[in-house]
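In our numbering, the protein residues as written are 120 to 431.
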């Protein structure tokens, strides 16, 4: 997304000159004081290039946002824009304590329900409902999901601009960057980390190094056994997993009933290095799959799993 700040320098100079001419001095030879434009006045209008190339112009900070993406809701909550939310996605889990806003199902979005909240901005991360919203003249912001930790930090800053919470957004970015940098410094001396398998579900869907989740493992220098596959998310077979013999297994599908112990019931998995050495971890899928304010939590959790000696 590209955000262009409108340059108002000329307008400010003209208005200032007019103020001097109209008001003159105050009788003692001193010119009357003038006030610089506020941050909001200099920020808007904002022109935002969306993921489909369509420009969106915001004349002011939106105050009735419908967020149809959990990560976006969580970012907005964390930078203090919770009061600007009119409704949120069902699965949002704000790290700062949650939100009591009405909930909508982004998997089966209802146009009438969305319109009923009288939003001045609807955020979507996919094209499913995009054109339908535009057709009924609802202002919509379409930005695809960030695909790396760097893009997450950029998106937080961008959201800060959109909702006029720049200072709060930059404070969050600074705090997250400090924690991410600390992890990177700790693993700086590692040439090549262990082979890992990140399990998304019981059908062996996993993540590639090109995905958002895969970027965690890139930072940690782990060898992703799904490297070389097509797409950000792909499905492996049990035979491929056994052949590539991961040294660490990360399970993000505990909700499906998967446990560390249950891996022993899978044919051939008892031969895997990770299973034999007890290097299998359960992780909260929310903190490692959502490109929002929990990214540092996710990175630290995976670092502790892969390098317990470095992250006790």
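All C-beta atoms, glycine included, are put in the ideal place defined by N, C-alpha and C.
Residue i burial status per 10 Å Cβ neighbour count (16 or more: buried)
| i | result |
| --- | --- |
| residue 209 | exposed |
| residue 279 | buried |
| residue 381 | exposed |
| residue 343 | buried |
| residue 238 | buried |
| residue 333 | buried |
| residue 226 | exposed |
| residue 230 | exposed |
| residue 211 | buried |
| residue 307 | exposed |
| residue 371 | buried |
| residue 205 | buried |
| residue 286 | exposed |
Span separating the alpha-carbon of residue i from that of residue j
| i | j | result |
| --- | --- | --- |
| residue 236 | residue 181 | 13 Å |
| residue 404 | residue 425 | 16 Å |
| residue 256 | residue 248 | 13 Å |
| residue 356 | residue 429 | 32 Å |
| residue 276 | residue 386 | 47 Å |
| residue 167 | residue 393 | 46 Å |
| residue 207 | residue 250 | 20 Å |
| residue 179 | residue 258 | 13 Å |
| residue 414 | residue 364 | 27 Å |
| residue 384 | residue 402 | 20 Å |
| residue 378 | residue 420 | 17 Å |
| residue 354 | residue 162 | 45 Å |
| residue 300 | residue 431 | 17 Å |
| residue 233 | residue 223 | 8 Å |
| residue 253 | residue 349 | 33 Å |
| residue 340 | residue 188 | 30 Å |
| residue 427 | residue 221 | 41 Å |
| residue 291 | residue 358 | 43 Å |
Run of the beta strand (DSSP E) containing residue i, from where it starts to where it stops
| i | result |
| --- | --- |
| residue 208 | 204-208 |
| residue 236 | Neither: residue 236 is in no beta strand (DSSP E) and is coded neither H nor E. |
| residue 196 | Residue 196 -> not in any beta strand (DSSP E); alpha helix (DSSP H) instead, spanning 189-197. |
CA nearest to the CA of residue i, picked from the options
| i | options | result |
| --- | --- | --- |
| residue 246 | 264, 239, 232 | 264 |
| residue 310 | 268, 266, 238, 338 | 338 |
| residue 305 | 175, 253, 422, 184 | 422 |
| residue 315 | 335, 301, 302 | 335 |
| residue 360 | 374, 224, 388, 348 | 388 |
| residue 313 | 420, 367, 234 | 367 |
| residue 288 | 273, 298, 376 | 273 |
| residue 320 | 431, 296, 221, 352 | 352 |
| residue 375 | 323, 162, 271, 220 | 323 |
| residue 303 | 418, 427, 260 | 418 |
| residue 362 | 350, 378, 390 | 390 |
| residue 346 | 242, 328, 234, 260 | 328 |
| residue 175 | 397, 242, 293, 219 | 242 |
| residue 173 | 240, 219, 164, 260 | 260 |
Range of the contiguous alpha helix (DSSP H) that encloses residue i
| i | result |
| --- | --- |
| residue 167 | No alpha helix (DSSP H) holds residue 167; the beta strand (DSSP E) holding it covers 165-168. |
| residue 275 | 268-281 |
| residue 398 | Careful: residue 398 lies outside any alpha helix (DSSP H) and carries neither H nor E. |
| residue 407 | 404-408 |
| residue 261 | No alpha helix (DSSP H) holds residue 261; the beta strand (DSSP E) holding it covers 259-261. |
| residue 305 | 285-305 |
Neighbourhood of residue i by C-beta distance below 6 Å, restricted to the same chain and skipping five residues each side
| i | result |
| --- | --- |
| residue 317 | 325, 326, 369 |
| residue 203 | 182, 184, 282 |
| residue 190 | 409, 410, 411 |
| residue 400 | 369, 424 |
| residue 159 | Only weak support exists for where residue 159 lies, its pLDDT of 49 falling under 50; the coordinates are left without a value. |
| residue 295 | 415 |
| residue 271 | 265, 410, 414 |
7 Å CB neighbourhood of residue i in its chain, flanking five on each side removed
| i | result |
| --- | --- |
| residue 284 | 198, 199, 200 |
| residue 262 | 120, 169, 170, 244 |
| residue 373 | 401 |
| residue 416 | 406 |
| residue 330 | 266, 351, 352 |
Other residues of its chain near residue i: CB distance less than 8 Å, five sequence neighbours each side excluded
| i | result |
| --- | --- |
| residue 213 | 192, 193, 196, 197, 201 |
| residue 298 | 415, 418, 419 |
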